[in-house]
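Asks: One structure is given below, represented as structure tokens, and several questions about it will come after.
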Amino acid sequence: IDVMKEARQKGKSVHFGALMDLCHLKHAELSKEYQKYKGRVVFRGDQVKDEEGYFAVFSEQGTSASHIAAAKFIDAICRMPGMDGEDADATSAYTQVDLDEFSTRQGLKPTETWITLPPHMRPASWSKFTNPVVRLKRNLYGHPLAGLFWELHCQDAIYAAGFEKVKGWECLYVHREKQLFLSVYVDDLSLIHI
Numbered sequence: 161i162d163v164m165k166e167a168r169q170k171g172k173s174v175h176f177g178a179l180m181d182l183c184h185l186k187h188a189e190l191s192k193e194y195q196k197y198k199g200r201v202v203f204r205g206d207q208v209k210d211e212e213g214y215f216a217v218f219s220e221q222g223t224s225a226s227h228i229a230a231a232k233f234i235d236a237i238c239r240m241p242g243m244d245g246e247d248a249d250a251t252s253a254y255t256q257v258d259l260d261e262f263s264t265r266q267g268l269k270p271t272e273t274w275i276t277l278p279p280h281m282r283p284a285s286w287s288k289f290t291n292p293v294v295r296l297k298r299n300l301y302g303h304p305l306a307g308l309f310w311e312l313h314c315q316d317a318i319y320a321a322g323f324e325k326v327k328g329w330e331c332l333y334v335h336r337e338k339q340l341f342l343s344v345y346v347d348d349l350s351l352i353h354i
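The opening position of the sequence shown corresponds to residue 161 in the working numbering, with each subsequent residue numbered one higher.
In structure tokens, the structure reads:
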């Protein structure tokens with residue numbers, strides 16, 4: 161309530177959301193030796209409210225068909241005779257993005273976001289507070305703009321490594337000097353040398 165009150169007094173927009181922990185069985189369709197439990201903590205992007213208590217509005221961010229087509233393009237070429245390719249997952253992809261640092265670098269002013277932790281994640285010292293919130297400082301899966309923030313952060317690193325975007329493709333890059341193609345689909349990276 162204090163954060164909402166302060167935001168209204170200063171005339172600034174803020175967002176409020178919650179975290180949710182998930183656990184699922186990966187590869188449940190396979191035999192037990194290939195199965196494993198995977199857990200993650202995500203932002204509840206479906207429940208974001210503003211300083212007035214209304215649901216927040218975000219522009220749609222989605223994966224286009226060119227992301228999938230680029231990944232298939234790379235996979236097909238690296239299987240051709242004389243070609244070489246590799247795949248990798250970015251480690252802790254979304255959380256690599258420090259929201260304040262990223263926003264400053266990109267010249268963006270995203271809305272400050274505050275989160276409520278699930279009760280079992282709250283320190284005992286928080287018991288004196290009613291509905292405590294903490295500032296979201298890192299990009300987190302589930303936030304409606306998380307994919308966009310990760311994409312821009314990743315793109316900065318790709319350009320710094322000497323790649324340029326392939327015209328007409330949102331997620332396909334070429335390094336002409338080293339003869340490399342790179343496809344980025346969320347946190348999956350595929351690279352081929354031609």
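Cβ atoms here follow ideal geometry from the backbone N, Cα and C, with glycine treated the same way. These numbers come from a predicted model, not from an experiment.
(1) List the endpoints of the continuous alpha helix (DSSP H) containing Gly245.
(2) Measure the CB-CB distance between Leu179 and Asp247 and report whether it falls below 8 Å.
(3) Taking the Cβ atom as the reference point for each residue, do Trp274 and Val294 lie within a distance shorter than 8 Å?
(4) Roughly how many whole angstroms lie between the Cα atoms of Thr290 and Pro279?
(5) Taking the continuous alpha helix (DSSP H) assigned at Val163, which residues delimit it?
(6) Between the Cα of Leu305 and those of His184, Gly199, Tyr254, Ala236, spot the shortest distance and give me the residue it belongs to.
(7) Mind listing, in chain order, the continuous beta strand (DSSP E) runs of no fewer than 3 residues lying wholly within the segment 169–209?
(8) Indicate whether the contact test is met: 3 or more Cβ pairs, each with one atom in the segment 166–178 and one in the segment 236–250, closer than 8 Å.
(9) Can you tell me which of the three DSSP states Trp310 falls into?
(10) What do you get for Ala358, buried or exposed, if any count of 16 or more other CB atoms within 10 angstroms of its CB means buried?
(11) Taking buried to mean at least 16 other C-beta atoms within 10 Å of its own C-beta, is His175 buried or exposed?
(12) For Glu324, does the three-state DSSP call read helix, strand or coil?
(13) For Val344, count neighbouring C-beta atoms within 10 Å of its own C-beta (all shown protein chains included) and say buried if the count is 16 or more, exposed if not.
(14) Does the segment 259–268 come close enough to the segment 307–315 that 3 or more CB-CB pairs lie under 8 Å?
(15) Give me the Cβ distance between Tyr301 and Arg200, rounded to the nearest whole Å; I'm assuming they're in contact under 8 Å.
(16) Leaving out five residues on either side along the sequence, give the residues of the same chain with a beta carbon under 6 Å from the beta carbon of Ala250.
(17) Quick one: grab the DSSP three-state call for Phe218.
Replies: According to the data block:
(1) For the purposes of this step, residue 245 is identified with residue 85 of the sequence shown, where counting begins at 1. Not the alpha helix (DSSP H): Gly245 falls in the beta strand (DSSP E), residues 244–249.
(2) Position 19 of the sequence shown holds residue 179. Position 87 of the sequence shown holds residue 247. Leu179 is not a Cβ neighbour of Asp247, given a cutoff of 8 Å.
(3) Position 114 of the sequence shown, counted from the start, is the residue given in the question as residue 274. Position 134 of the sequence shown, counted from the start, is the residue given in the question as residue 294. Cβ distance < 8 Å, so Trp274 and Val294 count as in contact.
(4) Sequence index remark: in the sequence shown, residue 290 carries index 130 (1-based). Sequence index remark: in the sequence shown, residue 279 carries index 119 (1-based). Straight-line Cα distance between these residues: approximately 11 Å.
(5) For the purposes of this step, residue 163 is taken as residue 3 along the sequence shown, with counting starting at 1. Segment 162–170, the alpha helix (DSSP H) holding Val163.
(6) Within the sequence shown, residue 305 is the residue found at index 145, counting from 1. Selected option, being the one with the closest Cα: Tyr254.
(7) 174–186, 196–203
(8) no
(9) On the sequence shown, residue 310 is found 150 positions in, with the first residue counted as 1. Residue state, collapsed to three classes: helix.
(10) Residue 358 falls outside the range modelled here, since the chain spans only 161 to 354, and no answer is possible.
(11) Numbered from 1 along the sequence shown, position 15 holds the residue referred to as residue 175. Result: buried.
(12) As a position in the sequence shown, residue 324 is number 164, starting the count at 1. Three-state result, Glu324: strand.
(13) Within the sequence shown, residue 344 is the residue found at index 184, counting from 1. The residue is buried, with at least 16 neighbouring Cβ atoms inside 10 Å.
(14) yes
(15) On the sequence shown, residue 301 is found 141 positions in, with the first residue counted as 1. On the sequence shown, residue 200 is found 40 positions in, with the first residue counted as 1. The pair is a contact, with the Cβ atoms about 7 Å apart (cut-off 8 Å).
(16) Along the sequence shown, one-based indexing puts residue 250 at 90. Asp347, listed in sequence order.
(17) For the purposes of this step, residue 218 is identified with residue 58 of the sequence shown, where counting begins at 1. It is coil, neither helix nor strand.
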